[in-house]
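Chemist: Please find one structure pasted underneath; my questions will follow.
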Amino acid sequence: MSEKIEREDKYLLDSVRDKQTIKEFKEKAKAYKRTGIIQWYLRREEDGEERIRLEIIPEKTGMRHVWTQAKKEHRSDLRDRLESEYSLDPTEVDLKQLETLPFVVKIRHYIEPKSEGIKEVILDEFLEKWKCGCDFLAEIETLDETKDRAVISEEAASWDFLKDLIALTKEESKKYENKKLAKNHEENSVFKVIQYVENRLKPEQVVVALQGLSFYLGHIQIPKDRELAKEVRKSFFDSTIDNIADSLIINHNKGSINNPKLKDFVKNINQFAVEDLEGISAET
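Encoded structure:
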């Protein structure tokens, strides 16, 4: 079990007013570190709290889960807290109990501190699916051995997109403690919450929607006879490759392939030169 004194300043960010600050923070963090955090509260009182945290850490081999339990007690300065924390084995966690507890869900964005004496510079993005009355909250925290809180303002001033932020007062900070933001939610399945957070942590992906009808509309010859045309269309859409009408002719910008069966073309497509297939559809 570890015990430490937390010295930190919090900064409340508005998703509209501080849009550029949030964007720049996320861009910096993308190259450094991001994690997902879910915190369930066993106890939350004015002068202390006890909670279980799951931290989801993206790695090359997948997502790593780190479970911890912590107790926090306030000192005379409400921005300084005495915290004790210890690791949990996943088998020790009662998932059914967690589903009865208030919780918060967030993506934590980290940027590398510039100043000596600073432990973390973070931006907590509270996920909209589990609204808690706060969208974005930045924090700058000192190392355990750092006594002088002045390094916090020095760190904030060293970043162009943070230097104009004003730290919350002691009383304001109390309103935005995670224990105050935590709520019971209808969507409380531990597995579903974890899955959602993991999906949010995955790298951005580009989805390409191919034009599946281009092959039919541009390259299948349709008879002028209306009734026969209906039969050809029905054959194309209702058939499998094994029984598509023999009369279909496939055209492309290099000429045409008049194959007795479309399936022969498909099955032997690797025998055609790439340049002979260019333009046959959007996919090629």
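Numbering (my numbering), first residue to last: 1107 to 1390. Glycine included, C-beta positions come from ideal geometry on N, C-alpha and C.
Among residues of its own chain, excluding the 5 on either side of residue 1053, which ones have a beta-carbon nearer than 7 Å to its beta-carbon?
Modeler: In the structure displayed, the chain extends from 1107 to 1390; residue 1053 sits before or after that span and is not available.
Chemist: With DSSP collapsed to three states, give me the class of residue 1267.
Modeler: Of the three classes helix, strand and coil, the one that applies to residue 1267 here is coil, per DSSP.
Chemist: Below 9 Å between beta carbons: does that hold for residue 1195 and residue 1179?
Modeler: No, the Cβ-Cβ distance between residue 1195 and residue 1179 is not below 9 Å.
Chemist: Within 10 angstroms of its Cβ, does residue 1122 collect 16 or more other Cβ (buried), or is it exposed?
Modeler: Flag for residue 1122 reads exposed.
Chemist: For residue 1210, which residues in the same chain have their Cβ closer than 6 Å to its Cβ, ignoring the five residues on either side in sequence?
Modeler: Cβ within range, chain order: 1145, 1238, 1284, 1287 and 1288.
Chemist: Taking residue 1135 and residue 1229 to be in contact with their CB atoms under 8 Å, please state how far apart those CB atoms are, rounded to whole angstroms.
Modeler: About 7 Å separates the two Cβ atoms, so the contact holds.
Chemist: Comparing alpha-carbon positions, which option in 1303, 1307, 1141 and 1308 lies nearest residue 1216?
Modeler: Considering only alpha carbons, the answer is 1141.
Chemist: For residue 1226, collect the residues of the same chain with a Cβ closer than 6 Å to its Cβ; drop the 5 residues on either side in sequence, then sort them by chain order.
Modeler: The residues are 1247.
Chemist: Going by beta carbon distance, what residues of the same chain come within less than 8 Å of residue 1391, once the five residues before and after it are set aside?
Modeler: Residue 1391 lies beyond the range of the chain shown here (1107 to 1390); nothing can be said about it.
Chemist: Would you call the CB atoms of residue 1188 and residue 1111 closer than 9 Å?
Modeler: Cβ distance < 9 Å, so residue 1188 and residue 1111 count as in contact.
Chemist: Output the distance between the C-alpha atoms of residue 1233 and residue 1167, rounded to the nearest integer angstrom.
Modeler: The alpha-carbon atoms of residue 1233 and residue 1167 are separated by roughly 25 Å.
Chemist: What are the partner residues of residue 1256, as DSSP defines its beta bridges?
Modeler: Looking at the DSSP assignment, residue 1256 forms no beta bridge with any residue, so it has no partner.
Chemist: Can you tell me the Cβ-Cβ gap for residue 1177 and residue 1190, rounded? I've got them flagged as a contact below 8 Å.
Modeler: 5 Å between Cβ atoms; contact.
Chemist: Helix or strand or just coil, what does DSSP make of residue 1157?
Modeler: Here residue 1157 sits in strand by DSSP.
Chemist: Is it the case that the Cβ atoms of residue 1156 and residue 1147 are separated by a distance below 9 Å?
Modeler: Yes, they are a contact pair.
Chemist: Since residue 1231 is in the beta strand (DSSP E), which residue starts that stretch and which ends it?
Modeler: Note, residue 1231: beta strand (DSSP E), 1224-1232.
Chemist: Is it buried or exposed, residue 1208, if we count other Cβ atoms within 10 angstroms and call 16 or more buried?
Modeler: Classification of residue 1208: buried, given that the 10 Å Cβ count is 16 or more.
Chemist: Would you kindly report the start and end of the unbroken beta strand (DSSP E) that includes residue 1207?
Modeler: Note, residue 1207: premise wrong, no beta strand (DSSP E); not H, not E.
Chemist: Compare the Cα-Cα distances from residue 1305 to each of 1133, 1169, 1113 and 1127 and report the closest residue.
Modeler: The shortest Cα separation from residue 1305 among 1133, 1169, 1113 and 1127 belongs to 1169.
Chemist: Between residue 1235 and residue 1293, which are expected to be in contact by the criterion C-beta below 8 Å, what is the C-beta distance as a whole number of angstroms?
Modeler: Right, their Cβ atoms sit about 7 Å apart.
Chemist: For residue 1159 and residue 1174, I'd like the C-alpha separation in whole angstroms.
Modeler: Computed Cα separation, rounded: 5 Å.
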